[in-house]
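What follows is one structure encoded as structure tokens, with my remarks underneath.
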Amino acid sequence: MSALIGPLLRLAVASTAARTMRNATADVALRLVLAVGAVLAAAVGVLCFSYAGLTLLQRHLDPAASWGVVGGLYAGTGLVLYLAATRRRRT
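Residue 1 is where the sequence shown starts when you use this note's numbering, and the numbers rise one by one after that.
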């Protein structure tokens, strides 16, 4: 009798492990798709807000000055993000 139960238990454990692995793979794939979607949404949002700000600035300033203001804003934001990302290494 135990010769029959042993292989059945191994089969049940193997199928459970495979199901867990499939669920984990599906979860990782879903998280990856959500992350890519979030990055794309953020990029589109940055471009749209930049264009809107540039349009508003060009009403009051010449085009070169408004591009300078937008570029300075991006430079400042980049510096702040760089300092935040490397803070752990600097301390």
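Just so you know, even glycine gets a beta-carbon here, dropped at the ideal spot from N, CA and C.
All values reported here derive from a predicted model rather than from experimental measurement.
- Residue 27 carries a helical assignment under DSSP once its states are collapsed to helix, strand and coil.
- In this chain, residue 86 is not harboured by any alpha helix (DSSP H), its DSSP state being neither H nor E.
- Taking the C-beta atoms as reference points, residue 54 is found nearer than 8 Å to residue 66.
- Only residues of its own chain outside the window of five on either side were considered, and among them none has a CB closer than 8 Å to the CB of residue 62.
- Secondary structure within the stretch 12 to 79: not one fully enclosed alpha helix (DSSP H) run of 4 or more consecutive residues is present.
- In this model, residue 74 and residue 31 are separated by some 29 Å (Cα to Cα).
- The C-alpha of residue 58 is placed about 10 Å away from the C-alpha of residue 52.
- Residue nearest to residue 70 within the set 78, 42, 50 and 25 is 50 (criterion: CA-CA distance).
- Residue 84 and residue 28 have their C-alpha atoms spaced approximately 27 Å apart.
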